[in-house]
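Residue numbers 2 to 505, in the working numbering, belong to the letters of the sequence shown in order. Below is one structure, written out as structure tokens; the observations come after it.
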Amino acid sequence: MFGKNRRIEHQNSPEDQVRLKTLAGLRPGVYLAVLYSLAVLIILYFILLHPGVSRPGSVVALKTEPAGAALRVDGLYQGASPARIFVPQGRHRFELVLPGYAPLEFEEEIRGRVFGSLFFPLIHRVEKELTADADAAGALALGAADYAAWSFAGEPTAAWQIPLSLSTGAYRSGPAAKTRHGEMNNILRAAARFGSTKAALRDLIRAKALIDNGGLSPSPGSLFRSAGDLIGFLSETPGAAAWLADTLPPEAAALVSGSAWYQKQLAAGDEAPAAERTAPGPGGRLRLGPLGFTSVPGGILAQSQVFPRTSAVESFWISETEVSAGAFDAFLIARPQWESRNAESLREQGLAGGGYLSGDGGFRRGDGSGITQVSWHAARAFCDWLSGQLPPSMADWEVRLPTEAEWEYAAKSARGWAASGIRGLGGGLWEWCEEPYAPLNFIEAPAEARAATGSPERSLRGGAGITSGSAARLETRASLPPESCSPLVSFRPVIARKTAAPGA
Numbered sequence: 002m003f004g005k006n007r008r009i010e011h012q013n014s015p016e017d018q019v020r021l022k023t024l025a026g027l028r029p030g031v032y033l034a035v036l037y038s039l040a041v042l043i044i045l046y047f048i049l050l051h052p053g054v055s056r057p058g059s060v061v062a063l064k065t066e067p068a069g070a071a072l073r074v075d076g077l078y079q080g081a082s083p084a085r086i087f088v089p090q091g092r093h094r095f096e097l098v099l100p101g102y103a104p105l106e107f108e109e110e111i112r113g114r115v116f117g118s119l120f121f122p123l124i125h126r127v128e129k130e131l132t133a134d135a136d137a138a139g140a141l142a143l144g145a146a147d148y149a150a151w152s153f154a155g156e157p158t159a160a161w162q163i164p165l166s167l168s169t170g171a172y173r174s175g176p177a178a179k180t181r182h183g184e185m186n187n188i189l190r191a192a193a194r195f196g197s198t199k200a201a202l203r204d205l206i207r208a209k210a211l212i213d214n215g216g217l218s219p220s221p222g223s224l225f226r227s228a229g230d231l232i233g234f235l236s237e238t239p240g241a242a243a244w245l246a247d248t249l250p251p252e253a254a255a256l257v258s259g260s261a262w263y264q265k266q267l268a269a270g271d272e273a274p275a276a277e278r279t280a281p282g283p284g285g286r287l288r289l290g291p292l293g294f295t296s297v298p299g300g301i302l303a304q305s306q307v308f309p310r311t312s313a314v315e316s317f318w319i320s321e322t323e324v325s326a327g328a329f330d331a332f333l334i335a336r337p338q339w340e341s342r343n344a345e346s347l348r349e350q351g352l353a354g355g356g357y358l359s360g361d362g363g364f365r366r367g368d369g370s371g372i373t374q375v376s377w378h379a380a381r382a383f384c385d386w387l388s389g390q391l392p393p394s395m396a397d398w399e400v401r402l403p404t405e406a407e408w409e410y411a412a413k414s415a416r417g418w419a420a421s422g423i424r425g426l427g428g429g430l431w432e433w434c435e436e437p438y439a440p441l442n443f444i445e446a447p448a449e450a451r452a453a454t455g456s457p458e459r460s461l462r463g464g465a466g467i468t469s470g471s472a473a474r475l476e477t478r479a480s481l482p483p484e485s486c487s488p489l490v491s492f493r494p495v496i497a498r499k500t501a502a503p504g505a
């Protein structure tokens, strides 16, 4: 049995077969063709017809001159021009709004396309030219305010950029820049006070070129005019040489720092006297509410790191000390809305930040220092309250926070007054000042333009955390948002003559 060959036969099994039955008397080949055709038709319907049937309308391609206008359709914000948005079929109300231009309202009849609207939507083109209104300078002022706010963000990097707010405002000013050229240039001067980064400097120069050419791309003639204006501005602005040397790229900065112009401005600042006065010392003292004040005769604040040009300072009275906890308590009794129990309400109004009058910040330290954890707004409210206690003979005077020039002038002058009674100026705490903070405050600009530009922060002067010499402490600047409450910041009021508000 082992030696015999066995023949094994393999048989293939028949393949499985499926046979479709007839359906309603139709052979499978017929009704399958019908089913496949219906499936294809359904797919084609949903691709080619359903979008146009279920959602009829057009894509509105909006273009405005100038660009950037906010678009509302039937009262709902849809973006800014240039824009492409879908609008349903029918008659719709469009609104275009752009600062410095008259609002534009119009209606459009929007049609729809049934076939192929998914891939080939019907385009409804809308092109409108906006008309500058009487306050076209408002567009530049809004751009300048945004430009000022962005200056506190520092130099942009590859990871993030800042908007060209100032030159965008110049572009939006349009032809009105030619008829109101002087006003526009004043706003640019105010904005230049915030040009402390390379990006800000580029935006400033671009805005100047646009303003000089009516919001359009600069022509050769307008470029020459802009260059002449910039050269004149730099030559008449003490401190401009140091500003450019610190701000320009290294190659350009080296050219500036090696110029005779730079050396001349630097030498002028070094040779300036420490302080000049029209009177030898304080003229007297007075008591107002819980504070004692010493008079500071008017005079000239000489050039310094902060003020590269001499500044005239009128006579004023300055508090001999920072406001104490006891003095602030008297204010809180008269104005209970500023008490710490109302801190949440003050935060909601933007008048105080976290930590307002908190004990952790040293409000009750009892070491003779001024109060801390008080916002700029609260300090201003204290000054307004104290103004109400001025005698009738001082009706033309007011209590307020000191300007930076007043603070520095008083601090430098007090060093020569052995019996002035002024204590703590330039000491351990920063002190709130009156005006908005500008990094380049030596650049002069009209008060109206400075008010229009504004600033998101307020100035601080003093010596908190400063370890260098006394002169450096007196000229060191800082800033914080006005709602900030810091354990390192206090304030002292001054009594000064009232001045008209910008634009009054």
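Cβ coordinates follow ideal geometry from the N, Cα and C atoms, glycine included.
| query | result |
| --- | --- |
| Rounded distance between the beta-carbons of G175 and P100, thought under 8 Å | Between G175 and P100 the Cβ distance is about 12 Å, and since that is not below 8 Å, they are no contact. |
| Inter-stretch contact (C-beta, 8 Å, three-pair minimum) for the region 442-455 and the region 297-310 | yes |
| K22 to E109 span [Cα, whole Å] | 59 Å |
| Beta-bridge partners of W398, as assigned by DSSP | R498 |
| Length of the line joining the Cα atoms of P291 and A146 | 38 Å |
| Segment limits, alpha helix (DSSP H) that includes Y102 | Element bounds for Y102: n/a, residue is neither H nor E. |
| Assumed close pair L123, G113 - CB separation to whole angstroms, cut-off 8 Å | 7 Å |
| Backbone CA spacing between N343 and C384 [nearest angstrom] | 19 Å |
| Whole-angstrom C-beta distance between L131 and F95, which should lie under 8 Å | With a Cβ gap of about 13 Å, F95 and L131 do not count as contacting. |
| The region 143-161 / the region 198-216 touching (three or more Cβ pairs under 8 Å) | yes |
| Start and end residues, alpha helix (DSSP H) containing Y37 | P29 to L45 |
| Sequence-distant residues of the same chain with beta carbon closer than 6 Å to L42, five excluded per side | none |
| C-alpha gap between S346 and G327, whole angstroms | 23 Å |
| I212 and L189 closer than 8 Å at C-beta | yes |
| Contact check, E432 vs L461, beta carbons under 8 Å | yes |
| Inter-residue spacing [alpha-carbon to alpha-carbon] between C434 and F195 | 18 Å |
| Residues of its chain near G144, where Cβ-Cβ distance is below 6 Å and the 5 sequence neighbours each way are ignored | S166, L167, T169 and G170 |
| Proximal residues to S316 (C-beta, below 6 Å), its chain only, five neighbours per side dropped | P298 and G299 |
| S296, DSSP secondary structure in three states | strand |
| Where F364 falls, given that 16 or more other Cβ within 10 Å makes a residue buried | A caution first: F364 carries a pLDDT of 44, below 50, which makes its placement in the model unreliable, though a value can still be read off. The residue is buried, with at least 16 neighbouring Cβ atoms inside 10 Å. |
| Test item: CB-CB of P83 and I111 under 8 Å | no |
| Residue environment, P392, which counts as buried when at least 16 other CB atoms sit within 10 Å | exposed |
| Residue range of the unbroken beta strand (DSSP E) whose run includes C1 | Since the first residue of the chain shown is 2 and the last is 505, residue 1 is not available in this structure. |
| Inter-residue spacing [alpha-carbon to alpha-carbon] between D330 and A412 | 27 Å |
| Inter-residue Cα distance where the pair is E405 and Q390 | 25 Å |
| V60 at chain D interface by Cβ criterion, 8 Å | Although the question refers to chain D, the structure presented lacks it and comprises just one protein chain. |
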